[in-house]
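To start, the structure under review is shown below, and the notes come after it.
Number of protein chains: 2
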Amino acid sequence: MSGRRLADQAYSGIVELISGQKLSVGDRLPSEVSLAEMFGISRTIVREALVRLASDGITEARRGAGSYVKNRPSDRLIAYTQTDNLSATIGTYEVRFVLEAEAARLAAMRRSAADMASIDDALQKLRATLLSSLPAHAEDMELHRQIVLATTNPAFLVAFEALTEDVEQIMRAGVDISRMRPPEVIGAMMREHEAIVDAIRAQDGDSAALAMRWHLAEGRKRLMP
Amino acid sequence: MSGRRLADQAYSGIVELISGQKLSVGDRLPSEVSLAEMFGISRTIVREALVRLASDGITEARRGAGSYVKNRPSDRLIAYTQTDNLSATIGTYEVRFVLEAEAARLAAMRRSAADMASIDDALQKLRATLLSSLPAHAEDMELHRQIVLATTNPAFLVAFEALTEDVEQIMRAGVDISRMRPPEVIGAMMREHEAIVDAIRAQDGDSAALAMRWHLAEGRKRLMP
DNA sequence: TGGGTAAATCTGTATGACAGGTATTGGGTG
DNA sequence: CACCCAATACCTGTCATACAGATTTACCCA
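Order-wise, the sequence lines are chains A and B. Residues 1323 to 1547, numbered by the numbering used here, are exactly what the first sequence covers, in order. Residues 1323 to 1547, numbered by the numbering used here, are exactly what the second sequence covers, in order.
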């Protein structure tokens, strides 16, 4: 993938160490010095990889004792990064359907005035960017994010951000966004977003969820004609 | 919270630096040496914090140039770590309702024979642990995980794991699990899980989703009597 | 003014060191 | 022989220093 930095290679190496063979949950993995020798790099870099592994919930470091396997990285999750962009994107949409539709419903039911202002602001910025024919992926995501925020449930945000990080990784890996926005589509995208925002404004949960589902379905169609 | 390690403090400090003041997306944050002096720690530790920030998608490091803000951490996400355990758990359940219910439906529709075997295996291990009156949180989560895996959609797993990591962090922070498992509850938990698994076995999506919703609702009740 | 080069700055990586935990071993005692 | 405790080896957390390679900035010359 992007293994330019040594720490990335070390990360992958340790993941393979865990996933590939006998290390199961609770097992101790080799000491930092051993890993450094194993991969032919310095302990500094091994530590960086371990920090990320711990941050990803795969390992857990115990001071004075060692690093331990906390959750085995699933083979399918690893395979995800090797899945072709299109099917990965489709899979992501499937989750967004259930997650964001419900988020839109809750947002409609709970939004504060301040939330509504943030959503309107994001919508306006999206409109401006869309009309200028520039890539608007960031603005699009920001609007969705503001809607998720309005649920006042941080757990929704956690799940949403895990997904978008994924999407962005896919995008970075090569999906051409600009291709999928012929001029006549821009108006449709805006109308879809406006329908969602209007439903949230009207505090109509069912309509918001429906509008979000519609919007995501249309978006998926645009990706796979 | 968990600020025992210096890198955690540095992480929070940098987040506050971005979130608290004028740093917006695209801005460069102070150099590693500056940050080290700022927090009174070594550059090594600053780097660990930056590695995690980059891993979390908040910053982006450009060799020779500096670290840049990629996504602003939302204030509510920060507040999440300071939310009391109970309401955070309830918030998580709200998301699990929509996410896992749909995962159960898809699992029922798509499961392979191998998936079914993994689910049965996880169920059996959960039963054994429950009957021995030991903490069974790990086994419980593993069963849910296997169900999510059976969707054959890695994006579901991404969202699910982001949530469970969160849940475990909450658990680690002090929720007493054993308290909430008086003997008469064990049978109920098993019946709920069996209902889900049976529906998946019968490839009945609606029943699976319903059983999962019921199970999560009961679980939430057990947490907040 | 414009352009190109040199200097300053910054991240990526390596090495060595020490403090303060944790696990283990081995010896002493009953 | 079994058990408890202390010495010891091992490990992570942290710091300081150094240098290579990339990038930005500054300056000088044309």
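Virtual Cβ for every residue (Gly too), placed ideally from N, Cα, C. Please read these numbers as outputs of a predicted model, since none were measured by experiment.
Take the Cβ of residue i as the centre, count every other Cβ of all protein chains shown within 10 Å, and call the residue buried at 16 or more, exposed below.
i                 : result
Ala1472 (chain B) : buried
Ala1387 (chain B) : exposed
Thr1366 (chain A) : exposed
Arg1418 (chain A) : buried
Glu1461 (chain B) : buried
Leu1428 (chain B) : buried
Leu1453 (chain A) : exposed
Leu1445 (chain B) : buried
Glu1476 (chain B) : Sequence check: residue 1476 (chain B) is Pro here, not Glu. With 16 or more other Cβ atoms within 10 Å, it is buried.
Arg1385 (chain B) : exposed
Ala1436 (chain B) : exposed
Ala1495 (chain A) : For Ala1495 (chain A), the predicted model reports a pLDDT of 45, less than 50, meaning its position is unreliable and no value from the coordinates is stated.
Which residue marks the beginning of the alpha helix (DSSP H) containing residue i, and which one marks its end?
i                 : result
Ser1529 (chain B) : 1527-1545
Leu1372 (chain A) : 1365-1377
Gly1509 (chain A) : 1505-1523
Thr1451 (chain A) : 1435-1453
Arg1350 (chain B) : No alpha helix (DSSP H) holds Arg1350 (chain B); DSSP gives it neither H nor E.
Gln1343 (chain A) : Element bounds for Gln1343 (chain A): n/a, residue is neither H nor E.
Ala1460 (chain B) : 1459-1471
Which stretch, first to last residue, makes up the beta strand (DSSP E) that contains residue i?
i                 : result
Gly1388 (chain B) : 1388-1391
Arg1384 (chain A) : 1381-1384
Give me the Cα-Cα distance between residue i and residue j, rounded to the nearest whole angstrom.
i                 : j                 : result
Leu1465 (chain B) : Glu1516 (chain A) : 40 Å
Met1511 (chain B) : Thr1414 (chain B) : 19 Å
Ser1377 (chain B) : Ser1377 (chain A) : 8 Å
Ser1356 (chain B) : Ala1332 (chain B) : 12 Å
Arg1374 (chain A) : Tyr1390 (chain A) : 14 Å
Gly1348 (chain A) : Leu1372 (chain A) : 16 Å
His1459 (chain B) : Arg1369 (chain B) : 34 Å
Leu1345 (chain B) : Ala1439 (chain A) : 22 Å
Arg1467 (chain A) : Glu1506 (chain B) : 42 Å
Asp1528 (chain A) : Pro1457 (chain A) : 31 Å
Trp1536 (chain B) : Asp1526 (chain B) : 15 Å
Arg1327 (chain A) : Gly1335 (chain B) : 26 Å
Pro1352 (chain A) : Glu1382 (chain B) : 29 Å
Ile1469 (chain A) : Arg1350 (chain A) : 42 Å
Asp1443 (chain B) : Glu1514 (chain B) : 16 Å
Ala1450 (chain B) : Ile1522 (chain B) : 21 Å
Ala1329 (chain A) : Glu1354 (chain A) : 13 Å
Met1534 (chain A) : Val1519 (chain A) : 9 Å
Arg1542 (chain A) : Leu1532 (chain A) : 15 Å
Met1463 (chain A) : Ile1508 (chain B) : 43 Å
Ile1441 (chain A) : Arg1544 (chain A) : 24 Å
Arg1433 (chain A) : Thr1474 (chain A) : 8 Å
Ser1364 (chain A) : Ala1426 (chain A) : 48 Å
Leu1448 (chain A) : Lys1447 (chain B) : 50 Å
Gln1343 (chain B) : Lys1392 (chain B) : 15 Å
Ala1530 (chain B) : Ser1455 (chain A) : 45 Å
Ile1412 (chain A) : Ile1412 (chain B) : 30 Å
Glu1416 (chain A) : Glu1416 (chain B) : 18 Å
Please identify the residue among the options whose C-alpha is closest to the C-alpha of residue i.
i                 : options                                    : result
Ser1379 (chain A) : A:Arg1394, A:Arg1385, A:Arg1369            : Note that residue 1379 (chain A) corresponds to Gly in the displayed sequence, not to Ser. Cα-wise, what sits closest to Gly1379 (chain A) is A:Arg1394.
Ala1524 (chain B) : B:Ala1430, B:Ala1539, B:Ser1389            : B:Ala1430
Leu1485 (chain B) : B:Ala1329, B:Gly1541, B:Leu1421, B:Ser1353 : B:Leu1421
Ala1539 (chain A) : A:Asp1437, A:Asp1520, A:Ala1423            : A:Ala1423
Any 3 or more C-beta pairs closer than 8 Å across the region 1477-1485 of chain A and the region 1467-1483 of chain B: yes
Would the region 1358-1373 of chain B count as touching the region 1333-1344 of chain B if we require 3 or more Cβ pairs under 8 Å? yes
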